[in-house]
Amino acid sequence: MKAYQADIAKFETTDTQIFGLSVDSVPANKEFGAKNGITFPLLSDFKRTVVKDYGIFNEEQGFGNRATFVIDKDGIIQHIDEGNVAIDPASAEDTCNILSHKKTTP
Amino acid sequence: MIKRTLCIVFLFAVASIAVAQTPTPSPSPAAQRPAAPHTNLKVGDKAPDFTLPSTAVGPDGRGLRFKLSDFKGKKNVVLAFYVLAFTGG
Chain A
1 MKAYQADIAK FETTDTQIFG LSVDSVPANK EFGAKNGITF PLLSDFKRTV
51 VKDYGIFNEE QGFGNRATFV IDKDGIIQHI DEGNVAIDPA SAEDTCNILS
101 HKKTTP
Chain B
1001 MIKRTLCIVF LFAVASIAVA QTPTPSPSPA AQRPAAPHTN LKVGDKAPDF
1051 TLPSTAVGPD GRGLRFKLSD FKGKKNVVLA FYVLAFTGG
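Residue numbers (our numbering), protein chains in the order written: chain A, 1 to 106; chain B, 1001 to 1089.
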């Protein structure tokens, strides 16, 4: 998350909205965000519906796994990072750069 | 001398019990852990829509909810799922 925050300017130039998403409560995320200086919105999937929809819910441990999805302006997934590679935003950034140069379908 | 022999026998017995109780090593430790779930989504799939509360606050001081489909035609969205409890990055 901190890595994403550090690179937020790069994402913003690519016409991209970043969201953090976890299964924690809004107050817990607020505290986390404040402590780590995170300015992008952190979404709270308290009911674990989104982590399940995205297929990364860990039943045994009750939380979502680490993953990054890049979704284009048409609502189509353009990039997926799962596990520890998802810590590094570089590949997600690359995808956003490519997308920003792509024409959007009306 | 008998004492010493007994002592050795005793030590041997303790050692064999310890060996017997050691669980047989599994082929790999990863095999024992439940496999991390992998997404069933692929590049090119439609991203499942959602509406979720967030840490962002609107002008009225109330927490903002975000709907993924609201960004359609406007912005790309990076969705970074993380685990709060052990987020180092």
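Don't be surprised by glycine CBs; every beta carbon is placed ideally from N, CA and C.
Any C-beta of chain A under 7 Å from that of residue i
i, result
"B/ASP1045", "yes"
"B/VAL1083", "yes"
"B/THR1051", "no"
"B/PRO1048", "yes"
"B/ALA1056", "yes"
Nearest neighbour of residue i, chosen from the options [CA to CA]
i, options, result
"B/ALA1047", "B/LYS1067, B/PRO1059, B/THR1055 and B/PRO1053", "B/LYS1067"
"A/THR39", "A/PHE57, A/LYS47, A/ASP81 and A/ASN29", "A/ASN29"
"B/ASN1040", "A/ASP53, A/GLU12, A/MET1 and A/GLN78", "A/ASP53"
"A/VAL50", "B/GLY1044, B/VAL1043 and B/LEU1079", "B/LEU1079"
"B/TYR1082", "A/GLY75, A/PHE69, A/ASP74 and A/SER91", "A/PHE69"
"A/GLN5", "A/ALA34, A/ILE76, A/ASP72 and A/SER44", "A/ALA34"
"A/ASP24", "A/ASP72, A/GLY75 and A/ASP45", "A/ASP45"
"A/GLN17", "A/LYS47, A/GLU59, A/LYS73 and A/PHE32", "A/LYS73"
"A/PRO27", "B/ARG1062, B/GLY1073, B/VAL1009 and B/LYS1074", "B/ARG1062"
"A/MET1", "A/PHE32, A/ASN58 and A/GLU59", "A/PHE32"
Proximal residues of chain B, C-beta to C-beta of residue i below 9 Å
i, result
"A/GLN17", "PHE1066, PHE1071, LYS1074, LYS1075, ASN1076, VAL1077 and VAL1078"
Own chain residues within Cβ distance below 6 Å of residue i, not counting five before or after
i, result
"B/ARG1065", "THR1051 and PRO1053"
"A/SER100", "THR14 and ASP15"
"A/PHE19", "PRO41 and LEU43"
Chain-ordered chain A contacts of residue i [CB-CB under 7 Å]
i, result
"B/GLY1016", "For the sequence presented, residue 1016 of chain B should be read as Ser rather than Gly. Those do not exist, as B/SER1016 stays about 36 Å from chain A at its closest Cβ, beyond 7 Å."
C-beta neighbour in chain B for residue i, strict 7 Å
i, result
"A/ALA90", "no"
"A/GLN5", "no"
"A/ILE98", "no"
"A/ILE112", "This structure cannot settle anything about residue 112 of chain A, because the visible part of chain A is limited to 1 through 106."
Close-in-space but distant-in-sequence residues of the same chain around residue i (CB under 8 Å, 5 per side omitted)
i, result
"A/ALA3", "ILE87, ASP88 and PRO89"
"B/VAL1077", "ALA1047, LEU1068 and PHE1071"
Proximal residues of chain A, C-beta to C-beta of residue i below 8 Å
i, result
"B/GLY1063", "VAL26"
Residues that residue i contacts on chain B, provided the C-beta gap is smaller than 8 Å
i, result
"A/GLY55", "PRO1037, HIS1038, THR1039, ASN1040 and LEU1041"
"A/LYS35", "Going along chain B, no residue has its Cβ under 8 Å from A/LYS35, so there is no contact; the nearest lies around 11 Å."
"A/THR14", "ASN1076"
"A/ILE80", "THR1039, LEU1041, LYS1042 and VAL1043"
Cross-chain neighbours of residue i in chain B, by beta carbon under 7 Å
i, result
"A/ASP45", "LEU1052"
"A/LYS30", "THR1055"
Can you pull out the residues from the segment 64-75 of chain A whose beta carbon lies closer than 9 Å to at least one beta carbon of chain B?
GLY64, ASN65, ARG66, ALA67, THR68, PHE69, VAL70, ILE71, ASP72, LYS73, ASP74 and GLY75
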